[in-house]
Amino acid sequence: MSIEPAAAVPVLLLSVRDEYAGRRWAPPGRHWPAQPSAVGGLDLVAGGTWLAVSPGSDSGAAGGPVAACLLNGFGTPAPEPARLSRGELPLLAVRGGRVDELDLDRYDPFHLVVVRPDGARVLSWGGGPGGRLVELELPTGLSVVLNDGPEGLAENRTASERIRALMAARAAHFRPRFEAVPRPEPLPGAASAGEAWGGWLPIVSGDGLALDAPAALVQRREFGDGRIWGSSSISLLAFGPAGVRYDFGRAPVTAGDGFRRVELSGPPG
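Reading the sequence shown from the start, the letters are residues 60 to 328 in the numbering used here.
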């Protein structure tokens, strides 16, 4: 996440979705008739999404464009009989709903990044009796949000040294890589993802790292028993005065030719 209020395009979001390879999904579209302006990828298992975008045309939306991106967190899982899907949370957020009014005990731990044209905030829930929802407004500059929360500093973090090391390696490699190239200004009228995102696109596409490298942003890891965990898609969003630009690619992608523009304007349908 990059926030620069004085820039031509103040807010940029990069989201890499990691999931088990066998979980079925559909690419971004208007998949929810009850929420016609919401655009996002569809989880075909639970019916929700990991990232939703709204240009602000739903009657219930709170004003202008908004996006919401979900990350699984660590902590105390919800009790099985009462558990609800976290995939409904991005849809709630982009229609202006309030996460703090939910019965959060029914949700597994999560971090929800809510993005606006003037900034972004992270809502973090660690689960468990007596748990609390923590809200953090992201500062100006470059921020990294992990499954351990913003900058890996959530109240509830993983107990696995291996997972902690992998997340730390990702952040340590990619933060200076993004800072070393000019910050892009992805205007809605740019013809291609390469034109829009410039020097960021090769980095977003994996930066040449092997899929099983410790620092891999676009990854694939085998856990045995046929279980494969990896990156299934990459989303790039830019919020500016002219609106929202959304580029999407199935992972792994080749920089420049693996992304498509997601249409956000026009009549829902």
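Using N, Cα and C, we set each Cβ at its ideal position, and we do this for glycine too.
It should be emphasised that the depicted structure is a prediction, and the values quoted were computed from it without experimental measurement.
Worksheet item: Which first and last residues belong to the beta strand (DSSP E) in which Gly-289 is found?
Response: To locate residue 289, count along the sequence shown from 1; it is residue 230. Per DSSP, Gly-289 belongs to the beta strand (DSSP E) from 286 to 299.
Item to complete: Could you tell me whether the region 156 to 166 touches the region 220 to 240, where touching means 3 or more Cβ pairs closer than 8 Å?
Response: no
Worksheet item: Three or more beta-carbon pairs under 8 Å between the region 245 to 264 and the region 160 to 176, yes or no?
Response: no
Worksheet item: What's the gap between the Cα of Ala-97 and the Cα of Ser-294?
Response: Residue numbering aside, residue 97 sits at position 38 when the sequence shown is read from its first letter. Residue numbering aside, residue 294 sits at position 235 when the sequence shown is read from its first letter. The C-alpha of Ser-294 is placed about 15 Å away from the C-alpha of Ala-97.
Worksheet item: Using the beta-carbon count (16 or more within 10 Å), is Thr-199 buried or exposed?
Response: Here residue 199 refers to the residue found at position 140 of the sequence shown. Thr-199 should be labelled exposed.
Worksheet item: With 16 as the cutoff for other CB atoms within 10 Å, does Gly-189 come out buried or exposed?
Response: The count along the sequence shown starts at 1 and reaches residue 189 at position 130. Burial call: exposed.
Worksheet item: Are the beta-carbon atoms belonging to Gly-146 and Trp-109 less than 8 Å from one another?
Response: As a working mapping, residue 146 is identified with position 87 in the sequence shown. As a working mapping, residue 109 is identified with position 50 in the sequence shown. Taking 8 Å as the Cβ cut-off, Gly-146 and Trp-109 qualify as a contacting pair.
Item to complete: Ignore the nearest five residues each way along the sequence and tell me which others in Trp-259's own chain have a CB closer than 7 Å to its CB.
Response: The residue labelled residue 259 in the question sits at position 200 within the sequence shown. Cβ neighbours of Trp-259 beyond the five flanking positions: Phe-237, Val-240, Pro-243.
Practice prompt. Can you have a look at Val-104 and say buried or exposed, based on whether 16 or more other CB atoms are within 10 angstroms of its CB?
Written response: The sequence position of residue 104 within the sequence shown is 45, counting from 1. Val-104 should be labelled exposed.
Worksheet item: If you follow the alpha helix (DSSP H) that Pro-273 is part of, which residue opens it and which one closes it?
Response: Here the question's residue 273 lines up with position 214 in the sequence shown. The continuous stretches of alpha helix (DSSP H) do not include Pro-273, and DSSP gives it neither H nor E.
Fill in: Coarse secondary structure for His-90, derived from DSSP in three states
As a working note, residue 90 is residue 31 in the sequence shown. The three-state reading of DSSP puts His-90 in coil, since its state is none of H, G, I, E or B.
Worksheet item: CA-CA distance, Gly-115 and Arg-223?
Response: Stepping through the sequence shown from its first residue, residue 115 is reached at position 56. Stepping through the sequence shown from its first residue, residue 223 is reached at position 164. If I take the Cα positions, the gap works out to 37 Å.
Discussion item. With a threshold of 7 Å on Cβ separation, who are the neighbours of Ala-249 within its own chain once the five nearest residues in sequence on each side are excluded?
Written reply: Residue mapping note: residue 249 aligns to position 190 of the sequence shown, counting from 1. Here the set comprises Ala-255.
Worksheet item: Where does the unbroken beta strand (DSSP E) through Arg-319 begin, and where does it stop?
Response: For the purposes of this step, residue 319 is taken as the residue at position 260 of the sequence shown. Segment 318 to 320, the beta strand (DSSP E) holding Arg-319.
Practice prompt. Indicate the three-state DSSP secondary structure (helix, strand or coil) for Trp-84 in the structure shown.
Written response: Within the sequence shown, residue 84 is the residue found at index 25, counting from 1. Three-state DSSP puts Trp-84 in a strand.
Practice prompt. Could you tell me the distance, in whole angstroms, from the CA atom of Ser-113 to the CA atom of Tyr-305?
Written response: The sequence position of residue 113 within the sequence shown is 54, counting from 1. The sequence position of residue 305 within the sequence shown is 246, counting from 1. Between the alpha carbons of Ser-113 and Tyr-305 lies a distance of about 11 Å.
Worksheet item: In angstroms, rounded to a whole number, what distance separates the CA positions of Arg-229 and Arg-89?
Response: In the sequence shown, residue 229 corresponds to position 170, counting from 1. In the sequence shown, residue 89 corresponds to position 30, counting from 1. Taking the straight line joining both Cα atoms gives about 32 Å.
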